[in-house]
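The structure under discussion appears below in the form of structure tokens.
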Amino acid sequence: MFENVIAPVRDELLAAGVEKLAVFGSVARGEAGDSSDVDILVTFRAGCRTFDNLFAVGDALERAFKRRVDLVTEDALSPYLAPYIRASIKYVDLAA
Numbered sequence: 000m001f002e003n004v005i006a007p008v009r010d011e012l013l014a015a016g017v018e019k020l021a022v023f024g025s026v027a028r029g030e031a032g033d034s035s036d037v038d039i040l041v042t043f044r045a046g047c048r049t050f051d052n053l054f055a056v057g058d059a060l061e062r063a064f065k066r067r068v069d070l071v072t073e074d075a076l077s078p079y080l081a082p083y084i085r086a087s088i089k090y091v092d093l094a095a
């Protein structure tokens, strides 16, 4: 679903160590308005979760989506919010 959107920055994401990428929230549910941001859940390969890589991924995704992006890592998910996030999650196939 979002593979075409991230195609131009796919190599950057992989180079930054992204292992899994998922869209959640209003964009994933198809309810986003013109001013909506894109909520992204990102999982990095072991040893790749650095500030520089997180910043690079956020920058690349903002260019791809042409919107502000909010990134969250799997380990930073609030146990209280995780069920709501998982209810709307759409994983992106990085191999596409």
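Note that numbering that gives the first Met the number 0 numbers the sequence shown so that position 81 is 80, with each residue one more than the last.
Quick reminder that beta carbons are idealized off the backbone N, C-alpha and C, glycines included.
Annotated as distal: Ile39 and Asp58, with beta-carbon spacing of 9 Å or more. The bridge partners DSSP lists for Ile39 are Val22 and Leu70. Secondary structure at Tyr79: coil, using DSSP grouped into helix, strand and coil. Val17 is bridged by DSSP to Phe43. For Pro7 against Ala55, the beta-carbon gap comes to about 14 Å, at or over 8 Å, which does not count as contact.
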